[in-house]
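Trainee: Numbering (the UniProt record's numbering), first residue to last: 1 to 326. Ideal Cβ placement from N, Cα and C applies to all residues, glycine included.
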């Protein structure tokens, strides 16, 4: 049985979900051979909904004849219409290890050209067939720039490295790992292993320790965050220009074409210099680690990140580029 990861699940036709109802739809899964019957975990994509009243769930079930049954619930007072060919989630294959254990495929094999193009919504595309083909060629020729292609976030390759300077020689107060549920510890183990594998963190013996906090995201997955508040008090302030929003909107107005680039794990795409890594250390139940890339919630990040983005975007053939943080 083949192992699959992040395979798109799309609506086969327009779906109408009446108010206060539960509906089961048979969505399309084109990236699996039709003769295969594969048990999968369905992970919903929260971006397509357009309504806070539509609920989806993590589901398990088989893919049969390129179809997967998805449960949708409308808790609102109005009918929700979902366009055809909307990507509502992704599938990960489930492997039975033994009678008591299953394994969910999470490694991201590079997509084929057809799979990568299927992951893009062309529903409202106004390009001619020839222009669309040219755009698809551009996307495919630059496929490693897209997280969806191979599951790898980018890494800034310019000369700059984030440098964190201490304002004092004072060491932070020693901390110990907090007591956590087994579920949280398993999730921390999983994310630490993933970051080690991707070269984002390394083992450490630094005394500048901060605690890990897991935060629920909209898609119900866990975001790995380190609470650097105590360490931030020891860091030197630096000045970087943060432009006013009203100034940006004024400068951006009046143009015909706009493009938006969403950086996957954007902060983690900026490398830390060797000296600064020990200041970005964190403590878990399994040991001490330190970031090799810019972590989330460091005080300097929100100032230096737009500056590096602005420099990297200077090579674009465009009139203006505006880095933004959300």
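Below 9 angstroms between beta carbons: does that hold for residue 330 and residue 294?
Mentor: The question about residue 330 has no answer, for the chain in this structure spans 1 to 326.
Trainee: Would you check if the segment 58-78 and the segment 8-25 touch, i.e. whether three or more CB-CB distances between them fall below 8 angstroms?
Mentor: Counting Cβ pairs under 8 angstroms, three or more are found: they touch.
Trainee: Are there 16 or more other CB atoms within 10 angstroms of the CB of residue 282, so buried, or fewer, so exposed?
Mentor: Buried: at least 16 other Cβ atoms inside 10 Å.
Trainee: For residue 271, which beta-bridge partners are listed by DSSP?
Mentor: Answer is 293, bridged to residue 271.
Trainee: Please report the straight-line C-alpha distance between residue 189 and residue 286, rounded to a whole angstrom.
Mentor: Approximately 8 angstroms, taken between the alpha carbons.
Trainee: Return helix, strand or coil for residue 63, following the three-state DSSP convention.
Mentor: It is a strand residue.
Trainee: So is residue 129 buried or exposed if we call it buried at 16+ other beta carbons inside 10 Å?
Mentor: Per the 10 Å Cβ criterion, exposed.
Trainee: Can you list, in chain order, the residues of its chain whose CB lies under 7 angstroms from that of residue 177, leaving out five sequence neighbours each side?
Mentor: Closer than 7 angstroms at Cβ, skipping near neighbours: 283, 284, 285.
Trainee: Give me the Cβ distance between residue 213 and residue 89, rounded to the nearest whole Å; I'm assuming they're in contact under 8 angstroms.
Mentor: Incorrect: roughly 27 angstroms between the Cβ atoms, too far for contact.
Trainee: In three-state terms, what does DSSP make of residue 328?
Mentor: Since the first and last residues shown for the chain are 1 and 326, residue 328 lies out of range.
Trainee: Which residue from 146, 322, 62, 26 puts its Cα closest to that of residue 249?
Mentor: Selected option, being the one with the closest Cα: 322.
Trainee: Between which two residues does the beta strand (DSSP E) carrying residue 209 extend?
Mentor: Segment 209-216, the beta strand (DSSP E) holding residue 209.
Trainee: Grab me the residues of residue 136's own chain with a C-beta within less than 7 angstroms of its C-beta, minus the 5 sequence neighbours each way, in chain order.
Mentor: Once the five neighbours on either side are set aside, the close Cβ partners of residue 136 are 117.
Trainee: Please work out which residues of its chain come closer than 7 angstroms, Cβ to Cβ, to residue 272, disregarding the five sequence neighbours upstream and downstream, and give them in chain order.
Mentor: If we look at residue 272 and ignore the five residues flanking it on each side, its Cβ neighbours are 161, 162, 280, 291, 292, 293, 294.
Trainee: Give the secondary structure of residue 276 by DSSP, where H, G and I count as helix, E and B as strand, and everything else as coil.
Mentor: In this structure, residue 276 counts as helix in the three-state DSSP scheme.
Trainee: Under 8 angstroms: do the segment 249-269 and the segment 167-187 share three or more Cβ pairs, one atom per stretch?
Mentor: Cβ pair count under 8 angstroms is below three, so no.
Trainee: Around the Cβ of residue 30, are there at least 16 other Cβ atoms within 10 angstroms (buried) or fewer (exposed)?
Mentor: Exposed, because fewer than 16 other Cβ atoms sit within 10 Å of the Cβ of residue 30.
Trainee: Which two residues bound the contiguous alpha helix (DSSP H) that contains residue 131?
Mentor: Here the alpha helix (DSSP H) through residue 131 covers 129-141.
Trainee: From 62, 305, 11, 165, pick the residue whose C-alpha is nearest to that of residue 265; which is it?
Mentor: It is 305.
Trainee: Look up residue 182 in the DSSP assignment and say whether it is helix, strand or coil.
Mentor: Helix, per DSSP.
Trainee: Go ahead and label residue 309 buried or exposed: buried means 16 or more other beta carbons lie within 10 angstroms of its beta carbon, across all protein chains shown.
Mentor: Its Cβ being crowded by 16 or more others within 10 Å, residue 309 is buried.
Trainee: If you draw a straight line from the alpha carbon of residue 126 to that of residue 258, how long is it in whole angstroms?
Mentor: Looking at the two C-alpha atoms, the distance is approximately 15 angstroms.
Trainee: According to DSSP, which residues form a beta bridge with residue 87?
Mentor: Its beta-bridge partners are 10.
Trainee: Less than 9 angstroms between the C-beta atoms of residue 175 and residue 210, yes or no?
Mentor: Yes.
Trainee: Compare the C-alpha of residue 43 against each of 93, 14, 65, 80 and name the closest.
Mentor: The residue with the shortest Cα to Cα distance from residue 43 is 93.
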